[in-house]
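First up is the structure itself, then whatever we jot down about it.
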Amino acid sequence: MKEWRYRLGERRGTVMAAGIFVVMFAIYVSNHPAGLTANVVQTAANKGVLLAFVAMAQTLVVITAGIDLSVGMIFILTNALASWLVLGSPLETALGVMAVLATGLACGALNGLIVIYGRLQPIVATIATGAVFFGIALLLRPFPGGSVNEELADVMTGKVFDLLPASLVALIAVVLVIWVPFSRSLIGRAAYASGSSEIAAYMSGLPIRRAKFTAYALAGLLASIGGLFLTFFTFTGEAAFASGNAYTLFSIASVVLGGVSLFGGKGSAIGAIFGALAFRTIGDLLFVFDFDPLWQPLFQGVVLLVAVSLGAFALFRVRNRLEWFG
Amino acid sequence: MNDLMREHSVTRLSKFMHRLDPAIATAFACIFLLLIIGSFYSASFLSPEYLLQQLKVASFLGVIATGMMIVVLLGQIDLSVPWSVAVGGMMACAAAAYGPLGEALAIPFGIACGMAIGLANGIGVAYLRIPSMIITLATNAVAQGLMVVYTGGFSPQDSATFAMRYLATGFLLPGLPNAVLIWAVVGAATVFVLNRTTFGRSVYGIGNRESAAYLSGINTRRIVMIAFIASGALSAFGGALLAGYASKAAQSMGDAYLLPSIAAVVLGGTSILGGKGSYLGTVAGVILITLLQSILSVMQMPEAGRQIIYGVVIIAMLLLYGRSPANRQ
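Protein sequence lines, in the order shown, are assigned to chains A and B.
If you count by the numbering used here, then the first sequence holds residues 297 to 622, one letter each, in order.
If you count by the numbering used here, then the second sequence holds residues 135 to 463, one letter each, in order.
Okay, structure coming up:
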């Protein structure tokens, strides 16, 4: 009985994010003219999955008490790269996908090296690497264009057994292949520990550097999976600065909504995924209620502002004012 | 006697060298290096007219980076710069459309809007204890949303007032652009505030250790809030000047100022962790960034190459002297 309570307490953020998503999605579907059909779910999933991948990427870094402000740019860079490489025969396409994923991994690894061994602040370092990644994306795609293997794209954006959106299946597969092993491994526990208290983690002999490096590198990989899916949905590559910035921003919003602590050491990528899906649904709610799309950026901004302000409730529990200063 | 004098001057020199932050020295060395590289590309690179033009362009970044520096000294960061700049420019131009009174109040109104963004940031950071990186991103998004609703998604139609254009492009003193003069005034005021007032010393104190500053009886939360308001005001003022420079405001006019303003502050030797840094360094950082941008455009580097070089240079220079101390091993 007691153990059950601890487990629930640990997952409270994730459960709340899932709850918010379910409520939002229920409101969305019940006001949608078509109702709950496989097509509505598919469209919603395809939109939400992109942000979910980027939010997962952000989660890995945030867990180590860092932040990656370049995830959106890795997302854009891999989109531009995929529009060149993911083409042709099945073998060529497969190699292209591998190359795109390897690029994402390399970008993340570069961030990790700079932050861990260069000892730079993650904020400044990732803003700067983000500029580099965006520059490379612009080099690859000065103008929107390119194409992608359409058969693969159709499979990835279609439905499995005419029911489940394939993108959602892919998201679940990525969670099972990357997140679950990571969070249950020694490296993953070390990532949590170093985010919670780096000194304590060091004193316990945990491999902090390896854990942080893995977190940053996997974040790059996850962002590149997002970039790959963006290419599958849009059939083009585009080095869009505003879009990269927006994804970075929304990834942080999703992480916060998903109950991941920005101070590190707490939360799960599954919570962030629900946060991302909820965030997207909130944006879509405006459409079913016939609001002017002009209001969407403001609405998303306000949602983000409210979401981050909710963390302030923890201040009521502070007994000693010195705890304000962390 | 002679020996004594020499000794005296040596100790003064060594004192000066001791006071001179290695980061600032490196930044100035890099400025010289860039000037030399630039003169290879274009003979006019070292001419006074060109250098004055660079200084004029630098002054917009200088005003914006001043606000960023105050916030960074606290150990915080202000990521709402892009839309604070845009809001400052757009609101100043918007006010100008309301007759002579609006025209007179255009710049103060723009600054007031920036202060409102700063106030939201300040309350979030100081009183709600939200990490500054997050709350400023959020207010940036809200400011963007407000401006999108205001303009209806089109580029704003109002144009800058005469006063804005005069401040940005005119000459009060012959030969010295007004923009440079404004930067000098803002800079002198900042140096005075940071070094000679309780507020300024409190900023350094909070940056070093907020709990210690609090226990020393400083109202740390009010200081933090005021610093963010100042940052918002300076960003918006920079935006109003930029709008005057271009005769009108644009939606994305602030996007190009986030990375440069952080880079200028950090390259100038201000610790991103707070509590350490001088305005001279920020001046060096601003000039360094502006010269770098200028050389890249003289070399006719496309935007892609510029972004890459920019990021690489900033990381390289930070690796040279912006590293946090190794705390173990």
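From the three backbone atoms N, C-alpha and C, an ideal C-beta is built for every residue, glycine too.
Every value quoted in this text rests on a predicted model; they were computed, and no experiment measured them.
The shortest C-alpha to C-alpha distance from A314/A to any of L435/A, K343/A, S564/A, T532/A is the one to S564/A.
For E183/B, the enclosing alpha helix (DSSP H) covers residues 182-207.
The beta-carbon distance between I198/B and L368/B, rounded to whole angstroms, is 6 Å. This is short enough to meet the 8 Å contact definition. Where G571/A is concerned, the enclosing alpha helix (DSSP H) starts and stops at 565-584. Between the segment 215-232 of chain B and the segment 567-581 of chain A, the count of C-beta pairs closer than 8 Å stays below three; the two stretches do not touch.
Counting only Cβ-Cβ distances below 7 Å, A519/A has no contacts in chain B at all, with the closest Cβ about 17 Å away.
DSSP assignment within the segment 434-493 of chain A yields the following whole alpha helix (DSSP H) runs of 4 residues or more, N-terminal first: 446-453, 462-470, 476-480, 482-492. Taking 8 Å as the CB threshold, G555/A stays off the interface with chain B. The three-state reading of DSSP puts S289/B in coil, since its state is none of H, G, I, E or B. Interface flag for Q354/A against chain B is unset, since no Cβ pair is found closer than 8 Å. I432/A places its beta carbon 8 Å or farther from that of L383/A. In terms of Cβ geometry, L271/B and L460/A do not form a close pair [threshold 8 Å].
Here K508/A carries a helix assignment [DSSP, helix/strand/coil]. The segment 342-370 of chain B contains, as complete alpha helix (DSSP H) runs of 4+ residues, the segments 344-349 (chain order). Taking 8 Å as the CB threshold, T273/B lines the interface with chain A.
Taking CB atoms only, S550/A has no neighbour in chain B less than 8 Å away.
In the displayed model, K343/A falls within a helix according to three-state DSSP.
Sixteen is the threshold: when 16 or more other Cβ atoms of the shown chains lie within 10 Å of the Cβ of F371/A, as they do, the residue is buried. Here L195/B has Y391, P394, S395, A398, V420, I423, T424 as same chain residues with Cβ atoms under 7 Å from its own Cβ, once five neighbours each way along the sequence are excluded. Between the segment 349-358 of chain A and the segment 569-583 of chain A, the count of C-beta pairs closer than 8 Å reaches three or more; the two stretches touch.
About 5 Å separates the Cβ atoms of G404/A and Y512/A, confirming a contact at the 8 Å cut-off.
According to the DSSP assignment, Y543/A belongs to the alpha helix (DSSP H) that extends over 537-553. Secondary structure of L307/B (DSSP, three-state): strand. The alpha-carbon separation between V411/A and A421/A amounts to approximately 7 Å.
Contact fails between the segment 428-439 of chain B and the segment 252-264 of chain B, because fewer than three Cβ pairs, one in each stretch, are under 8 Å apart.
Look at G431/A here: in three-state DSSP terms it is helix. Membership of A254/B in the alpha helix (DSSP H) is indicated by the continuous run 240-256. Beta-bridge annotation (DSSP): K382/B is paired with S293/B. Around the beta-carbon of F439/A, fewer than 16 other beta-carbon atoms lie within 10 Å, marking it exposed. Taking C-beta atoms under 8 Å as the contact rule, L315/B and L307/B qualify, at a distance of about 7 Å. Note on geometry: alpha-carbon atoms of A275/B and L514/A lie some 27 Å from one another.
Closest by C-alpha distance to M298/B, out of M249/B, P242/B, P156/B, F166/B, is P242/B. In this structure, the CA atom of S266/B is about 42 Å from the CA atom of D450/A. DSSP places G384/A outside both helix and strand once states are collapsed to three, so it counts as coil. Residues I370, G400, L401, C403, G404 of the same chain have their beta carbon placed closer than 6 Å to that of G516/A, with the five preceding and five following residues left out of the count. DSSP places G561/A outside both helix and strand once states are collapsed to three, so it counts as coil.
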